[in-house]
Amino acid sequence: MKGSQFKQPMLEFSGSCAGCAETAYARLVTQLFGDRMYISNATGCSSIWGGPGATSPYCTNKEGHGPAWSNSLFEDNAEHGLGMYTAQKFIREGLAEKVREVMEKTVCEERKAVCAKYLETMNDGEANKAATAALVANLEANVCCDTVKEILDNKEYLCKKSVWIFGGDGWAYDIGFGGVDHVLASNEDVNIFVFDTEVYSNTGGQASKASNIGQVAQFAAAGKEVKKKSLAEIAMSYGYVYVAQIAMGANPAQTIKAIAEAEAYNGPSLIIGYAPCEMHSIKGGMMHCQDEMKKAVECGYWNMFRFDPSKETGKFTLDSKAPKDGYQEFLRNEARYSRLIREFPDRAEELFARNEAAAKERYEHLLKLVELYKD
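In the numbering used here, the protein residues as written are 152 to 526.
Next up, the structure:
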C-alpha cells in the first residue's frame, strides 16, 4: 500500500465536495494505471468534478502520459466504455499483425526478440508497457521499411490500455443497469468502478436501488421500505466476472489488492466502492469520511469481499470480519437515517431493526458463499 502512494496521482484539484470519497478512489486508480488508462465516465458527480467547464482535474506525468477521459450519458456509459475498448483492441490487433510481419522478415535476432516479447505480453498490462518501450526503441533505431513506419505512426496504441468505466450507483444500479449487465456479459477486458453513495447525489438526493432500508431521501421521505439491490451478486452469477466490494477507509490494503486484481484479470471486472457523501450528513462533517467507512465495515453495514474467477479454488474471499456491536449507533450518526427518528420515531425503530436484521442475514449468506466456492 505504501509503495502506491509514491506514484504520481494523475487526478488533482478536482473541485469536488470537500472529503469526497469518489475522488480518493479515482485518484488511486490513476496512481496505479494512469499512464495507460482510458476512462468512460457516466453523467453524475464523477463527471461534474471529472470534467467541469474549461478545466480537467486529470493530468499527465513527466513523460506526458495520462488518462484519456470522456463523459457519456447515464443510460449508455457502459456501452460507451466498451466501444472505447473495442476500438483500441481492433487497432492493436492490426498492429500486432504488422509486428509479426516485421519479426518474420527481419534477420536481426535482437529485433526478433523484442517483437516476440511484445506479442507474448499483449494482454499483460505492466509487462506489455515495458515490452512496448523496448519495441519502439528498437524500431526507431532502424526504420527499415514501410511496415515499421506504419507501426511507429501508431505507436501510442501499441501498449495495452487499462479501460475503466466510472459512475455512481444511480447509473450502475438504476438507469444504466441494462448497459452494465450487457457489458459484463460481453466477457471483454473492461473494468467497471461504481462509486456507491447509496443515493442520487448529483441530482438532489433521490433514493436509488442502492439506498437501504430506513434511509431518508427524496421519493423516500418516510424511509425506504425495501433493502438494497445486490449488484455484486448479480455480476457474480455469470461466473466469469471479477467482482469486489471495497471500503478504502476500512482497509486500504484490500482496496489496492482488489483494484490490482481486477485490472490484471483478463476479462470483465466490477468494483463497488463504498463512498460516504455529503448527502449522508455525517456528524462532524466529511472530514470523517474515511472514518465512517471503517465504522460501516466494523458494524457490518458494508461488507468487503472479492470474487476471482481465475482462481482454481477459493474463488470467493470475505475480507470483512464478523460484525461488532454499534450498528444502530452507526445509523444514528448520519442524518439520512437519524432524521427519521425525529419525524417518524415508531417507524424509525421498525425500519432500523429491519435494516440491521438484513445486514446480519447478508453476512451469514456471504459466509455460505465462502464455503460454496472453497473447491
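Note that the Cβ used here is the ideal one computed from N, Cα and C, for glycine as well.
Would you report the Cα separation of Val253 and Ala415, rounded to the nearest angstrom?
Cα to Cα, the separation comes out at about 28 Å.
Only counting the same chain, and skipping five residues up and downstream in sequence, which positions put a Cβ closer than 7 Å to that of Lys249?
If we look at Lys249 and ignore the five residues flanking it on each side, its Cβ neighbours are Thr298, Glu301 and Ile302.
From the DSSP secondary-structure annotation, give me the bridge partner or partners of Arg457.
Answer is Ala395 and Thr468.
Report yes or no: do the region 156 to 165 and the region 198 to 211 share at least 3 C-beta pairs separated by less than 8 Å?
The region 156 to 165 is in contact with the region 198 to 211.
Cβ neighbour criterion (16 or more within 10 Å) applied to Pro496:
Pro496 comes out exposed.
Does DSSP put Tyr425 in a helix, in a strand, or in coil?
The DSSP-derived three-state label of Tyr425 is strand.
Residues in its own chain within less than 6 Å of Tyr176 by CB, not counting five upstream and five downstream?
Excluding residues within five positions, the ones whose Cβ falls inside 6 Å are Gly424.
Going straight from the alpha carbon of Glu230 to that of Glu260, what length do you get?
Roughly 43 Å separates the two Cα atoms.
If I measure Cβ to Cβ from Ala411 and keep anything under 8 Å in the same chain, skipping five residues before and after, which residues do I get?
Cβ-Cβ distances below 8 Å link Ala411 to Leu183 in the same chain, with the five nearest sequence neighbours on each side left out; the list follows chain order.
Whose C-beta lies closer than 6 Å to the C-beta of Glu507 among residues of the same chain, with five residues either side of it excluded?
Same-chain partners within the cutoff: Tyr478.
Can you find at least 3 beta carbon pairs, one from the region 191 to 199 and one from the region 317 to 337, that sit closer than 8 Å?
Flag = yes, the region 191 to 199 and the region 317 to 337 touch.
Our contact map puts Leu518 next to Leu469 with C-beta atoms below 8 Å; I'd like the distance itself, whole angstroms only.
Confirmed, about 7 Å.
In this structure, how does DSSP classify Ile433 when only helix, strand and coil are distinguished?
If DSSP states are grouped into helix, strand and coil, Ile433 belongs with the strands.
Nonlocal neighbours in the same chain, by C-beta distance under 8 Å from Asn279, ignoring five residues either side:
Non-local C-beta neighbours of Asn279 in its own chain, meaning closer than 8 Å and more than five positions away in sequence, comprise Tyr269, Thr272, Met273, Cys310 and Lys311, ordered along the chain.
Which residue from Gly166, Lys408 and Lys375 puts its Cα closest to that of Gly204?
Nearest C-alpha to Gly204: Gly166.
Three-way DSSP call (helix, strand, coil) for Ile442 in this model
Looking at the sequence shown, residue 442 is not Ile but Asp. Helix.
Starting from Gly319 and walking both ways along the beta strand (DSSP E), at which residues does that stretch end?
Counting along the chain, the beta strand (DSSP E) containing Gly319 begins and ends at Ser313 to Gly319.
Please state if the CB of Gly355 and the CB of Leu491 are separated by a distance shorter than 7 Å.
No, the pair does not count as a contact, with Cβ atoms beyond the cut-off.
If I measure Cβ to Cβ from Lys378 and keep anything under 6 Å in the same chain, skipping five residues before and after, which residues do I get?
Within the same chain, Lys378 has close Cβ partners Ile364 and Ala509.
Per-residue burial, Asn454 [other beta carbons within 10 Å of its own, 16 or more giving buried]
By the 10 Å Cβ count, Asn454 comes out buried.
Decide if Gln396 is buried, meaning its Cβ has at least 16 other Cβ atoms within 10 Å, or exposed.
It counts as buried.
Entirely enclosed alpha helix (DSSP H) segments - the region 241 to 324, minimum 4 residues
Whole alpha helix (DSSP H) segments, 4+ residues: 260 to 271, 276 to 292 and 297 to 304.
Going by the CB atoms, is the gap between Val448 and Ser432 shorter than 7 Å?
Contact: no.
Excluding the 5 residues flanking Gly170 on each side, which residues of the same chain have their C-beta closer than 6 Å to its C-beta?
Excluding residues up to 5 positions away in sequence, Met437, Met438 and Cys440 lie with their Cβ nearer than 6 Å to the Cβ of Gly170 in the same chain.
Could you spell out the range, first to last residue, of the alpha helix (DSSP H) harbouring Ala219?
Element bounds for Ala219: not the alpha helix (DSSP H) but the beta strand (DSSP E), Ala219 to Ser223.
Along the beta strand (DSSP E) that carries Asn506, what are the first and last residues, could you check?
Not the beta strand (DSSP E): Asn506 falls in the alpha helix (DSSP H), residues Pro496 to Leu523.
With DSSP run on the structure shown, which of helix, strand or coil describes Asp526?
For Asp526, the secondary structure class from DSSP, reduced to helix, strand or coil, is coil.
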